[in-house]
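Just so you know, the sequences run in chain order A and B.
So the first sequence is numbered by the numbering used here: it starts at 57 and just counts up by one.
So the second sequence is numbered by the numbering used here: it starts at 4 and just counts up by one.
Using N, Cα and C, we set each Cβ at its ideal position, and we do this for glycine too.
The structure displayed is predicted, hence computed values, not measured ones.
What follows is a short report on a single structure.
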Amino acid sequence: MTALQALITIGLCVLGTTLTRFLPFILFPENRETPEYIRYLGSVLPYAVIGLLVVYCLKDVNFFGGSHGIPELIAVVFIIVVHTWKKNVLLSIAGGTLLYMALVQYIFIG
Amino acid sequence: MSNFSDEKGKALKAAFPGTIPVMTGYVFLGMAFGILLNAKGYGIFWALLMSLFIYAGSMQYVAISLLVSAFNPVAAFVMTLMVNARHLFYGLSMLDKFKNTGKLKPYLIFGLTDETFSVLCGTEPPEDVSRPWYMFWVTLLDQFYWVAGSIIGSLLGSVVSFDTKGLDFVLTALFVVIFVGQWQEAENHIPAIIGVTVILLCRIIFGSSSFLIPAMIGILVCLSLAKNRMQGRECL
């Protein structure tokens with residue numbers, strides 16, 4: 057990718073991100089009632105979307121070859137347990153990531 | 004003039020403590036972002052550019068993968084809309100809070116990340132502190148932590164060389180943490196279950212490179228079908 061292409065790509069990320077942030081305020085100005093269906097979607101979408109993003113991150117895991125997804129499984133379970141127990145965002149994220157890095161760099165090599 | 008500065012200073016002092024948890028998280032995530040971006044051949048200029056103007060943690064990680072793939076502007080734009088679709092919810096929840104914030108409003112909207120959203124929802128300024136300025140400082144401090152983290156990471160990545168294999172797992176970790184947090188707060192787990200089930204099915208059916216759009220459509224359809232069953236049990 058050339059520098060110009062990279063700039064265009066980043067520009068579109070800026071445009072898309074800004075659009076998603078401003079859209080609700082443009083569609084529903086300060087003095088208008090928000091439609092019920094939109095309020096419903098707003099209340100349930102975040103839960104579905106974060107679940108989607110978790111799976112999206114793990115999309116290239118292959119259970120039938122390589123490390124069979126074992127490092128990912130160990131790290132995700134670690135994060136769930138530690139976060140349920142300590143509720144400390146930094147500890148969960150840093151701990152889970154360092155554990156995963158150790159697993160793929162020293163134990164599940166290949 | 005001095006009165007006005009007092010008002011801003013007071014709001015800054017009130018805003019800072021609430022942002023400390025975000026500082027730790029953002030510096031780490033921002034550093035990891037800077038290091039990864041650097042490892043892909045994009046130095047400090049790019050890190051600064053992205054953290055100043057995209058300013059969306061997960062999207063910036065996705066943008067790294069866009070930058071190392073073949074140039075595809077349409078896919079980049081669609082991907083951005085989908086990864087950031089949850090912002091629509093944050094905006095809808097802030098329609099009231101951001102009323103009467105005047106010239107600060109555009110920046111408050113621009114800087115509404117997952118973490119800033121959670122701070123603004125969870126804290127209230129003291130009575131004698133200006134609310135618009137309080138929200139402004141929370142937003143600005145959070146972005147400052149993120150930009151600082153990215154710069155440190157980018158510099159660190161160019162000085163110290165170490166094996167970054169597995170570092171991109173930081174994003175998975177972030178989403179798992181948000182997922183666990185949401186799961187514990189929600190009274191109704193159906194939306195989360197729908198999200199995971201639909202995307203897993205789509206991943207199996209469509210393969211790893213083209214399942215995201217069918218999954219988004221599937222989720223919208225399933226959530227719309229489930230609307231009547233979930234009425235009265237909404238989490239908002």
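> Got a sec: is the Cβ-Cβ distance from P20 of chain B to anything in chain A below 8 Å?
Replying inline: No, P20 of chain B does not count as interfacial toward chain A.
> So G33 of chain B and S153 of chain B are in contact, right, with Cβ under 8 Å, and what is the actual spacing, rounded?
Replying inline: That belief holds up - the Cβ atoms of G33 of chain B and S153 of chain B are roughly 4 Å apart, short of 8 Å.
>> For S161 of chain B, would you say it is in contact with chain A, using Cβ-to-Cβ distances shorter than 8 Å as the test?
In response: No, because no Cβ of chain A sits closer than 8 Å to the Cβ of S161 of chain B.
>> With a threshold of 8 Å between beta carbons, is K115 of chain A in contact with chain B?
In response: At least one chain B Cβ lies under 8 Å of K115 of chain A.
> Residues in the segment 83 to 107 of chain A with C-beta within 8 Å of chain B's C-beta atoms, listed in sequence order?
Replying inline: Hits within the stretch, in order: F84, E86, T90, Y93, I94, R95, Y96, L97, G98, S99, V100, L101, P102, Y103, A104, V105, I106, G107.
> Relative to the alpha-carbon of P85 of chain A, which residue among B:S96, B:T83, B:A78 has its alpha-carbon at the smallest distance?
Replying inline: Measuring from the Cα of P85 of chain A, the nearest candidate turns out to be B:S96.
>> In this structure, how does DSSP classify P91 of chain A when only helix, strand and coil are distinguished?
In response: Look at P91 of chain A here: in three-state DSSP terms it is coil, with no helix or strand label.
> Which bits of chain A does A17 of chain B rub up against, with CB to CB less than 7 Å?
Replying inline: Per Cβ cutoff of 7 Å: no residues; A17 of chain B is ~22 Å from chain A at best.
> Contact check, F120 of chain B vs G72 of chain A under 8 Å by CB: the rounded distance?
Replying inline: About 18 Å; that fails the 8 Å criterion.
> Which residues mark the beginning and the end of the alpha helix (DSSP H) in which N231 of chain B is found?
Replying inline: Element bounds for N231 of chain B: 230 to 233.
> Between A:V117, A:T153, A:R95, which lies nearest to I136 of chain A when the distance is taken from Cα to Cα?
Replying inline: For I136 of chain A, the nearest C-alpha among the options comes from A:T153.
>> Any C-beta of chain A within less than 8 Å: which residues of the segment 23 to 43 of chain B qualify?
In response: Considering only beta carbons, the part of the segment 23 to 43 of chain B lying closer than 8 Å to chain A consists of P24, T27, G28, F31, L32, A35, in chain order.
>> Any C-beta of chain A within less than 7 Å: which residues of the segment 194 to 223 of chain B qualify?
In response: Under the 7 Å Cβ criterion, the segment 194 to 223 of chain B contributes P194, A195, I197, G198, V199, I202, L203, R206, S211, L215, A218, I222.
> Taking Cβ positions, are E28 of chain B and V117 of chain A nearer each other than 8 Å?
Replying inline: Checking the sequence, you will find Gly at residue 28 of chain B rather than Glu. No, the pair does not count as a contact, with Cβ atoms beyond the cut-off.
>> Just to confirm the assignment, what range does the alpha helix (DSSP H) spanning L114 of chain A have?
In response: Note, L114 of chain A: premise wrong, no alpha helix (DSSP H); not H, not E.
> For R232 of chain B, is the classification buried or exposed, using 16 other Cβ atoms within 10 angstroms of its Cβ as the cut-off for buried?
Replying inline: Flag for R232 of chain B reads exposed.
> Does any CB atom of chain A fall closer than 8 Å to the CB of T175 of chain B?
Replying inline: For T175 of chain B, the answer is yes, since a Cβ of chain A falls inside 8 Å of its Cβ.
>> Looking at the secondary structure, which residues open and close the alpha helix (DSSP H) in which H192 of chain B lies?
In response: Segment: none, H192 of chain B is in no alpha helix (DSSP H) and carries neither H nor E.
> Among B:L223, B:T116, B:T104, B:W136, which residue has its Cα nearest to the Cα of I197 of chain B?
Replying inline: Here the closest residue by C-alpha is B:L223.
> Any Cβ of chain B within less than 8 Å of the Cβ of Q146 of chain A?
Replying inline: Checking the sequence shown, residue 146 of chain A turns out to be Leu, not Gln. Taking Cβ atoms only, chain B reaches closer than 8 Å to L146 of chain A, which makes this a yes.
> Between N231 of chain B and chain A, is there a C-beta pair that is closer than 8 Å?
Replying inline: Taking CB atoms only, N231 of chain B has no neighbour in chain A less than 8 Å away.
>> For a contact defined as C-beta to C-beta under 9 Å, what are the partners of S83 of chain B on chain A?
In response: According to the sequence provided, residue 83 of chain B is Thr. The question's Ser does not apply to it. Among the residues of chain A, those whose CB is under 9 Å from the CB of T83 of chain B are L68, C69, V70, L71, G72, T73, L75, T76, following chain order.
> Among A:A62, A:P102, A:M157, A:I106, which one has its Cα closest to the Cα of L52 of chain B?
Replying inline: Measuring from the Cα of L52 of chain B, the nearest candidate turns out to be A:A62.
>> When you compare the CB of F119 of chain A with every CB in chain B, is at least one pair closer than 8 Å?
In response: Under the 8 Å criterion on CB atoms, F119 of chain A is classed as non-interfacial with respect to chain B.
> Smallest Cα separation from V160 of chain A: which of A:I149, A:I130, A:L108, A:W141?
Replying inline: Closest by alpha carbon: A:I130.
> Which residues of chain A have a Cβ atom closer than 8 Å to the Cβ of D131 of chain B, listed in chain order?
Replying inline: Within 8 Å Cβ-Cβ: nothing; D131 of chain B doesn't reach chain A, min ~25 Å.
> So which residues of chain B does H139 of chain A contact, with C-beta pairs closer than 7 Å?
Replying inline: Contact note: H139 of chain A reaches chain B through V180, V183, using a C-beta cutoff of 7 Å and chain order.
>> Closer than 8 Å is the cut-off here; do at least three beta carbon pairs connect the segment 159 to 168 of chain B with the segment 53 to 64 of chain B?
In response: In this structure the segment 159 to 168 of chain B does not touch the segment 53 to 64 of chain B; the number of beta carbon pairs closer than 8 Å is below three.
>> Cβ closer than 9 Å: which chain B residues qualify as neighbours of I163 of chain A?
In response: Against chain B, a Cβ distance below 9 Å from I163 of chain A picks out nothing, because the smallest value is about 11 Å.
> Given C225 of chain B, which residues of its chain have a CB within under 8 Å of its CB, disregarding the five upstream and five downstream residues?
Replying inline: So the qualifying residues of the chain are I197, V201.
> Taking Cβ-Cβ distances shorter than 7 Å, what residues in chain A pair up with F2 of chain B?
Replying inline: Since the first and last residues shown for chain B are 4 and 239, residue 2 of chain B lies out of range.
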